[in-house]
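In terms of the working numbering, the sequence shown has 176 at position 108, counting the first letter as 1, and numbering is strictly consecutive.
First the structure, in the form of structure tokens, and then the observations on it.
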Amino acid sequence: MPLAPDAIIGRLAALYGMPIHTPHGDAVAELVLTILSQNTADTNSGRAFVQLMRRYPSWQAVAEAPLDELVATIQNGGLAQQKAPRIQAALRAVQERSPTWDLEFLRALDLEAARAWLRALPGVGPKTTACVLLFALGLPAMPVDTHVERVAKRLALIPATLTPEQAHDALEALVPPGDYYRFHMLLIKHGRRLCAARRPLCERCPLAPDCPASLLNPAPAAAQSSSKSSQSSKSSRTERERPPITGASTKASSSRGASRSASTRRPSSASTIADPASTRPKNDTTT
Ligand code: SF4
């Protein structure tokens, strides 16, 4: 029988700390950041996001920028040739459908209607949609990135044969909506720190007694003793791994890191972009 989501949250929170959900309110910034983070380390997408914020005063300016210039601006984020036109297409579609750039109205919609609105934007899939709904608007949606999917499959929460889209639906059905944020953040952190793709450190993992995959990864003799030091370093490792997003009038910055939190002020004018260097702390997440 697989571990229940609340048991997983409890054990991982004891190791990493309990994530605190503070939706930042800037849905367009979240949309852009999530596109930038696709297939890229958070550090790099965070840098690209900051460069974008510094260069352009508004989302409209980003949407209308010469493509070559935008590619050069987000070069640090990787795959800039693909992401620049994707960002512009998404922003133009947002502007067409919501000329004020304010997506607050999504909160008032039925969740599935809000999801459908975002999914209708070009290049926006289930993960990007869930990131915008959860991290920006605080709505119950579960982003499932490669770390969440891998850890969930190793724990046998979902079948190993599921596609990423099926994994998304299965985990949303399995985890109570009120736990989406905690579950997402903790599994990402766990996937980065202990349950790595190539060599999971099962000997240090608090989920190991209930994890079928731990049987495939016997603990190295010397590794058991290092388990303690791993646990004791918990507080120093609760840094954010995701870029901070700030509202438009105050300027946004971001980097997906250890926590997608960020106390953020809502932009007074959604058409402008906030300055990254200003307010926000560093942040954590996915594509
Ligand atoms: S026991 Fe190993 S495979 Fe299972 S969740 Fe922990 S690190 Fe991952």
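Glycine included, each C-beta is placed from N, C-alpha and C at the ideal position.
As the structure is a computational prediction, the values presented were derived from the model and not from experiment.
Exercise. Thinking just about the alpha-carbon of each residue, which of 200, 281, 102, 211 is nearest to the one in residue 228?
Worked result: 281
For this session: In the DSSP assignment, find the alpha helix (DSSP H) that holds residue 260 and state where it starts and stops.
Result: 248-261
Exercise. Can you tell me where the alpha helix (DSSP H) with residue 218 in it begins and where it stops?
Worked result: 214-222
Problem set entry | Same chain, Cβ closer than 8 Å to residue 208, neighbours up to 5 away in sequence not counted | 179, 201, 202, 245, 246, 248
For this session: Please list the segments of the alpha helix (DSSP H) lying wholly inside the segment 76-159, counting only runs of 4 or more residues, in order along the chain.
Result: 95-105, 110-123, 127-132, 135-141
For this session: Take residue 278 and list the residues in its own chain whose beta-carbon comes closer than 6 Å to its own, dropping the five residues that flank it on each side.
Result: 71
Exercise. Under a three-way DSSP split, which group does residue 185 fall into?
Worked result: helix
For this session: Return the chain-ordered list of same chain residues with a C-beta closer than 6 Å to the C-beta of residue 80, the five sequence neighbours on each side being excluded.
Result: 254, 258
Exercise. Is any heavy atom in the ligand SF4 found nearer than 7 Å to the beta carbon of residue 219?
Worked result: yes
Problem set entry | Exposed unless 16 or more other CB atoms sit within 10 angstroms - verdict on residue 77 | buried
Exercise. For the ligand SF4, any of its heavy atoms closer than 7 Å to the Cβ of residue 113?
Worked result: no
Exercise. Taking the C-alpha atoms as reference points, what is the distance between residue 224 and residue 252?
Worked result: 16 Å
For this session: Check whether the Cβ atoms of residue 171 and residue 219 lie closer than 8 Å to each other.
Result: no
Exercise. Buried or exposed: which applies to residue 137, given that a residue is buried once 16 or more other Cβ atoms fall within 10 Å of its Cβ?
Worked result: exposed
Exercise. Is it true that the CB of residue 190 sits closer than 8 Å to the CB of residue 161?
Worked result: yes
For this session: Can you grab the Cα-Cα spacing for the pair residue 167 / residue 156, in whole Å?
Result: 15 Å
Problem set entry | Proximity to residue 217 [Cα-Cα], best of 94, 163, 232 | 232
For this session: Alpha carbon to alpha carbon, how far is residue 101 from residue 284? Give it in angstroms, no decimals.
Result: 36 Å
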